[in-house]
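When the sequence shown is numbered by full-length UniProt numbering, its final residue is 158 and no position is left out of the sequence of numbers. By construction, the Cβ of each residue, glycine as well, lies at the ideal position given by its N, Cα and C atoms. The block underneath contains the structure these notes are about, expressed in structure tokens.
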Amino acid sequence: MTQTSPTPADEGADDVLSKDLIVISGSARTKEDAIREAGALLVQAEAVSPAYVDAMLERERSYTTYMGSLLAIPHGTNESKASIKRSAISLVRYDEPLEWGDGNPVRVVVGIAGAEGGHLEVLSKVALVFSDDDLARGILQAGSAGEIYDILQSVNDD
């Protein structure tokens with residue numbers, strides 16, 4: 001019997017986000033370095049080619065990916081879709097807020113590589129977490145990547 005790989009649209013949260021893609025104490029001190037740090041995790045996970053990280057930086061120069069509530073969600077341009085091998089999301093938390101333009105503070109950077117919508121389930125969970133003060137505080141205070149992963153997995157998006 002031949003096993004087929006799931007298509008990007010079939011990818012679930014477990015395929016898109018793993019504990020290996022979560023860093024609880026990022027080292028970046030600038031917005032650009034934070035985007036590179038989140039992008040490097042996607043490259044290491046073989047979800048994107050290195051060119052995608054450049055596209056993430058290009059997108060940020062075009063318009064901000066700051067979402068409010070200490071969150072930014074950098075992602076590539078539409079033209080960079082060919083650089084995406086599979087959907088994945090990386091999450092990097094910073095001990096001190098980074099300035100994300102216009103004085104906006106960011107402590108959590110979620111790098112997004114979306115192939116045919118496979119990332120949307122996890123992205124919607126991230127949005128739900130950061131719209132809930134208690135869950136967002138849990139992400140900011142978590143002591144391990146596993147705790148952050150569990151918080152994101154526990155969100156029920158019904």
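In the three-state DSSP reduction, E96 falls in the strand class (E or B). As computed with DSSP, V106 is found in a beta bridge with L98. In this structure the stretch 24-34 does not lie against the stretch 76-88, because fewer than three pairs of beta carbons, one per stretch, are closer than 8 Å. Given a length threshold of 3 residues, each whole run of the beta strand (DSSP E) inside the UniProt domain "PTS EIIA type-2" (15-155) is given here in chain order: 66-68, 88-99 and 105-113. Between the alpha carbons of W100 and S154 lies a gap of roughly 28 Å. Note on A51: under 16 other CB atoms within 10 angstroms of its CB, so exposed under the neighbour-count rule. Taking a contact as a CB-CB distance under 8 Å, the pair V129 and L152 counts as one, their CB atoms being some 6 Å apart.
Around the Cβ of Y66, a 10 Å sphere holds 16 or more other Cβ atoms; the residue is buried.
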